[in-house]
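Trainee: One structure follows; several queries about it will come next.
Residue numbers (the UniProt record's numbering): 1 to 145.
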């Protein structure tokens, strides 16, 4: 056996069908496209996604619902009791990210009141809810924007 004698097995490779080559070929005249209609025309065979044959499509029949705020997606919530695991002192967004309390995809953080706080913190450049602000100030901490 030599490389120049190799060939595929019989029936492994079929000849391509040549359509529109006369009545004797079996695929002449309409070339297998049938008579009239969208798929019989040149360049018109593509139907856009969601098309339901002229019927009012699903995406237009159903009401529009909801809204996803980009700001909410970019803001990470930090629970108050998780702040207590950090060392007391000044905390900013970089410190929260370093402590892995904020995911890397977040662009800002917001402290939410859940649990108790025992240490004294100074928050800098971090958003705070009203309840969390009261709890931080009650523990002797402060917040600077």
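Built from N, CA and C at the ideal position, the CB exists for glycine as well. The model shown is predicted, which means the values in this text are computed figures rather than measured ones.
(1) So, under 8 Å CB-CB, residue 114 and residue 80 are touching, yes? Tell me the CB distance rounded to an integer number of Å.
(2) Assuming residue 123 and residue 135 are in contact, meaning their beta carbons sit under 8 Å apart, how far apart are those beta carbons, in whole angstroms?
(3) Quick one: give me the first and last residue of the beta strand (DSSP E) that residue 121 is part of.
(4) Residue 67 and residue 91: beta carbons closer than 7 Å?
(5) Whole angstroms are fine: how far does the CA of residue 65 sit from the CA of residue 75?
(6) Is the distance from the Cβ of residue 132 to the Cβ of residue 111 below 7 Å?
(7) Nearest CA to the CA of residue 127: which residue from 140, 141, 142, 109?
Mentor: To lay it out plainly:
(1) Taking the first residue of the chain shown as 1, we reach residue 114 at position 114. Taking the first residue of the chain shown as 1, we reach residue 80 at position 80. Right, the Cβ-Cβ distance comes to about 6 Å (below 8 Å), so this counts as a contact.
(2) In the chain shown, residue 123 corresponds to position 123, counting from 1. In the chain shown, residue 135 corresponds to position 135, counting from 1. The Cβ separation is near 12 Å, so there is no contact.
(3) Taking the chain shown and counting its residues from 1, one reaches residue 121 at position 121. Here the beta strand (DSSP E) through residue 121 covers 121-124.
(4) On the chain shown, residue 67 is found 67 positions in, with the first residue counted as 1. On the chain shown, residue 91 is found 91 positions in, with the first residue counted as 1. No, the pair does not count as a contact, with Cβ atoms beyond the cut-off.
(5) Taking the chain shown and counting its residues from 1, one reaches residue 75 at position 75. Taking the chain shown and counting its residues from 1, one reaches residue 65 at position 65. The straight-line gap from Cα to Cα measures roughly 23 Å.
(6) Sequence index remark: in the chain shown, residue 132 carries index 132 (1-based). Sequence index remark: in the chain shown, residue 111 carries index 111 (1-based). Closer than 7 Å, so yes.
(7) Your numbering for residue 127 matches position 127 in the chain shown. Minimum Cα distance to residue 127 is reached at 109.
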